[in-house]
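Below is one structure, written out as structure tokens; the observations come after it.
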Amino acid sequence: MTKKYEFNWRIPVPDFLQQGIVGDRWTEEKESYDYEQTCTFKVDDYGFFVYWKSPSKEGDVQELAQVCDIRYGGMPTNPKLLSTLIKNHGNNVDEKSLTICSGADYVNINYLHVVCPDADTAKKWQQGLRDITHNNKAYNVCPRTSLMKHWMRLRFLVNTKGQMPVKVITKTFASGKTEKLVYSSLAELGLPNGKGDAMDIEDFTFDKFYALYHKICPRNDIDELFQMITRGKDFVTLQQLVTFMNEKQRDPRLNEILYPLYSEKRCTEIINDYENNEDLKKELKISRDGMINYLMSDENAPVFLDRLDMYMDMDQPLAHYYVNSSHNTYLSGRQFGGKSTAEMYRQTLLAGCRCVELDCWDGKGEDEEPIITHGKAMCTDISYKEAIIAIRDCAFVTSDYPIILSFENHCCKSQQYKMAKYCDEIFGDLLLKEAMPGYPLEPGCPLPPPSAMKRKILIKNKRMKPDQEKAEMELFLKGQLVLDNEEKEDASAVAPPKDQLPDPNEPAAEGAPGAEGGAEAAAMPAHTGSTTNVHPWLSSMVNYAQPVKFQGFEAAIKKNIHHNMSSFAENAGMNFIKTNGIDFVNYNKRQISRIYPKGARVDSSNYMPQVFWNAGCQLVSLNFQTPDLPMQLNQGKFEYNGNCGYLLKPEFMRRVDRSFDPFAETSVDGVIAAQCSVQVIAGQFLSDKKVGTYVEVDMYGLPADTIRKEFRTRLVPLNGLNPVYNEDPFLFRKIVMPDLAVLRFGVFDENGKLLGQRILPLDGLQAGYRHISLRTEGNFPMALPMLFCNIELKIYVPDGLGDFMAALSDPKAFAKAQEQRDEQMKQMGIQDTKVDSKAAEAEKKKALEIKFEEITVESLRNEKGFAKVGKKQQKELETMRKKHLKERQTFQKNHTAAAEKLGKGRK
């Protein structure tokens, strides 16, 4: 960044976590378990790892970036292990326990159980660990910090004697270099280098690991850049650095007041921060090593690091935000025959989701407790109460902004009473039960902002008409509400035959999954929509998310009820965008729309959310259990703004006086089209195997901006460690709407397997030579894998207007270049062809004098156009006369015939 920015990514680690505790560790599989006693557990001072070591076993670590939750308590199901724990720790072992949950996606969760010395220590450690996890900034640390993190990890992986085996180092570089090279490099650094050797961790300093990294993975890619800047010298001068920073490392579209050009003062600070040679510092020069330090620092991040904080205005109406949303949240697999689990509610909320779905059905047991399942689809079910508890526990761990519970309600009134009761009792004050002061539920009144509803849970469910709700509520409070003879819908009942399925051409009712895919939904068992027979207590809890059947954009404008919202299957939503795109955008300026996958997606695949974001749809609901490209786009987008789950829509999608077409191919007023060029130079630590790799670069945004599967590097064989691509730049020539566009980097092996990916929204992207750290398929951070790229961002200039744009952007430079060209022409003996200034002025004056000929009736008659129109009219007149004559003759003939017939009749 042009201004110095202190990237404070570290969360202070409490002393008690660093000092550690001694406890037992256990994990449990289906039929086996692992139990380790008297382990010393600690957290490093950076908050990267929780690590442990027992006297008889090797040390191990758990990376906190992969930890999704820390829970209090936890008991094994294996009776033998349970008996051992009770014997060693007493009957209150559950109160002393912690459960550390981690995983590379939201479905396959690993549980590490720790038995602490006492219950107070367990609670203290739970809160302490929760405070330092979900550190969004730590997921975006620079390559140098990532190397330090990996170095720390290696030092924790000690053997039983507390020494670090050489073999753990060789694994780091095994994907591209031979073990022999690693051993020889260790020997050069004076470290143990035998295959079976080990070293004291104090000897393996970070400086030695950093030197080892550069010996095994020399940065030839940066060397080439350095030579280009210095023109063959061993250092970069201050002036060369200023030029490089302004021409290569700065986005020319930026406002020069808010983001000033790099000055000598600013570049001097860079030299002082990253150059280790004191003599060069005094001479205001930076060496190759200093340049590498800068390029691998936080200061050279690929994104504006302040975008990772809360930086958006959170005081706009709720409809002005994109909201991170989940579909059929309870499912951990397929939509048909899948498994339901309350754990999925925890995982999605901890991942930043702010809208979860609950498909509620009548339970069949003796207690008749409501359940959650995908009805009539042979899915397992979970207790409704269990899901509500899971939501309460994880609702505001990662974000304080409001949560929307999207109910698909199939329950009878008696079980709806239990639904309302559990919400009231379990959520307590977290539940928003009535309208907030200043935001009445009246036509024309905007929705409250997210900032006004912090730590509040909203219910989206059908609401009764006010008079009916009031009357039934009074009966309910008096205990006189009659709930007899209710018809119950069976979630496990056989689906209706295809000939009884809803007409795919009919619009889907709100919350009717049976209509979720139109004609394609025939592959999925269908059932009726949510019940309209709502319990008054549950109805009274609904306020700013009242679902209604969509009657059309005109009807919505007439009603102007902002707290009314509608849901659309992806097919229906797409049709509205195609046929009424501008109307849909305007609808989403005041009301909320929810998009959900079509019913034919039985494999829980996801649709592309970008097209619905382009139309301003707020709740674009996806299947979180499937880590596919749409989910990567979703999580990459919502990583900004503190990962709070809310993103403010662009201004032109919020203002009522602006019109926006989601299929726009030309620039919108006030928005400047951009041009983006991406050169993939090299990769680092892309795989732990010796495989060939290649990189794809895609752009997603408006249809006119989206480019997929077009830009791909060459395959570099047998090198997953540090492949060099040095491709020609990939040019995204015109980006109509940069605010909506995202870049996607995908790294694949020779078999097409995804090794890593990264989503970078264009509105926060920095230009220049940048290291881009990669994410897993599930969008979790990867410590070492990264790409080194050169990104150029410019204002889009149509063909032929380049010189004109250059003159406008920098008139002095353009004039200077013109003078240089004139001087070069003069040196070649070509004389200046400028004409006498007085003569030129006279010519110019003459050209500006415009004389108009006198216009008369006669001159108009002589015009070709007049003659042409006259002939045309004459021709039409002749045609009309002939037609009139023909009709007159026909009429006379008919009239004569009729008169003769009448005369004969009288005779």
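Everything in the sequence shown is counted per UniProt numbering, starting at 1 for the first residue and increasing by one.
Heads up, the beta-carbon is just placed ideally off N, CA and C, and yes, glycines get one too.
Please read these numbers as outputs of a predicted model, since none were measured by experiment.
Taking the Cβ atom as the reference point for each residue, do residue i and residue j lie within a distance shorter than 8 Å?
i, j, result
"residue 358", "residue 344", "no"
"residue 711", "residue 677", "no"
"residue 530", "residue 418", "no"
"residue 570", "residue 598", "yes"
"residue 66", "residue 102", "yes"
"residue 57", "residue 205", "no"
"residue 796", "residue 741", "no"
"residue 5", "residue 307", "no"
"residue 280", "residue 210", "no"
"residue 200", "residue 191", "no"
"residue 301", "residue 68", "no"
"residue 743", "residue 697", "yes"
"residue 173", "residue 166", "no"
Can you tell me where the alpha helix (DSSP H) with residue i in it begins and where it stops?
i, result
"residue 166", "166-172"
"residue 566", "Unbroken run through residue 566 is the beta strand (DSSP E), 564-569; no alpha helix (DSSP H)."
"residue 244", "238-247"
"residue 344", "343-350"
"residue 613", "610-614"
"residue 279", "278-282"
"residue 293", "288-295"
"residue 88", "79-89"
For the beta strand (DSSP E) containing residue i, name the first residue and the last one.
i, result
"residue 38", "33-43"
"residue 696", "693-700"
"residue 620", "619-622"
"residue 771", "768-775"
"residue 52", "49-53"
"residue 229", "Run containing residue 229: none in the beta strand (DSSP E); it sits in the alpha helix (DSSP H), 220-230."
"residue 746", "742-749"
"residue 783", "781-795"
"residue 659", "Element bounds for residue 659: n/a, residue is neither H nor E."
"residue 735", "730-735"
"residue 405", "403-409"
"residue 71", "67-72"
"residue 322", "321-326"
"residue 458", "457-460"
Report the three-state DSSP secondary structure of residue i (helix, strand or coil).
i, result
"residue 18", "helix"
"residue 874", "helix"
"residue 521", "Because the pLDDT of residue 521 is 39, which lies under 50, any placement of that residue in the model is unreliable, and the number read from its coordinates should be weighed accordingly. If DSSP states are grouped into helix, strand and coil, residue 521 belongs with the helices."
"residue 497", "Summary for residue 497: the model assigns pLDDT 47, below 50, so the residue's position carries little reliability; its value from the coordinates is reported in the next sentence. The answer is coil: DSSP assigns residue 497 none of H, G, I, E or B."
"residue 545", "coil"
"residue 4", "coil"
"residue 267", "helix"
"residue 629", "helix"
"residue 182", "helix"
"residue 679", "strand"
"residue 150", "helix"
"residue 527", "For residue 527, the predicted model reports a pLDDT of 46, less than 50, meaning its position is unreliable; a value from the coordinates is still stated below. Residue state, collapsed to three classes: coil."
"residue 759", "strand"
"residue 716", "strand"
"residue 508", "Bear in mind that the predicted position of residue 508 carries a pLDDT of just 46, short of 50, making it unreliable; the figure below should be weighed with that in mind. Coil."
"residue 710", "strand"
"residue 100", "strand"
Which whole-angstrom value is the C-beta distance of residue i and residue j, which I expect to be below 8 Å?
i, j, result
"residue 642", "residue 309", "6 Å"
"residue 323", "residue 645", "6 Å"
"residue 10", "residue 47", "7 Å"
"residue 582", "residue 620", "Their Cβ separation, rounded to whole angstroms, is 19 Å, which puts residue 582 and residue 620 out of contact at 8 Å."
"residue 338", "residue 374", "7 Å"
Q) Counting pairs of beta carbons, one from the stretch 533-549 and one from the stretch 463-475, are three or more of them closer than 8 Å? A) yes
Q: Report yes or no: do the stretch 759-779 and the stretch 112-126 share at least 3 C-beta pairs separated by less than 8 Å?
A: no
Q. Do the stretch 604-619 and the stretch 714-734 touch if we need at least three Cβ pairs shorter than 8 Å?
A. no
(Q) Under 8 Å, with one C-beta from each stretch per pair, do the stretch 175-190 and the stretch 254-263 reach the 3-pair mark? (A) no
Q.
When you compare the stretch 785-805 with the stretch 682-696, are there three or more beta-carbon pairs, one atom per stretch, that lie closer than 8 Å?
A. yes
Q: Report yes or no: do three or more beta-carbon pairs, one from the stretch 37-45 and one from the stretch 18-26, lie closer than 8 Å?
A: yes
Q.
Using 8 Å as the cut-off, can you tell me whether the stretch 706-724 makes contact with the stretch 644-664, which would need three or more C-beta pairs spanning the two stretches below that distance?
A. no
Q) Any chance the stretch 92-100 sits against the stretch 160-176, with 3 or more Cβ pairs inside 8 Å? A) no
Q. Do the stretch 432-449 and the stretch 560-567 touch if we need at least three Cβ pairs shorter than 8 Å?
A. yes
Q: Would you be able to state if there are at least three C-beta pairs under 8 Å between the stretch 382-392 and the stretch 420-435?
A: yes
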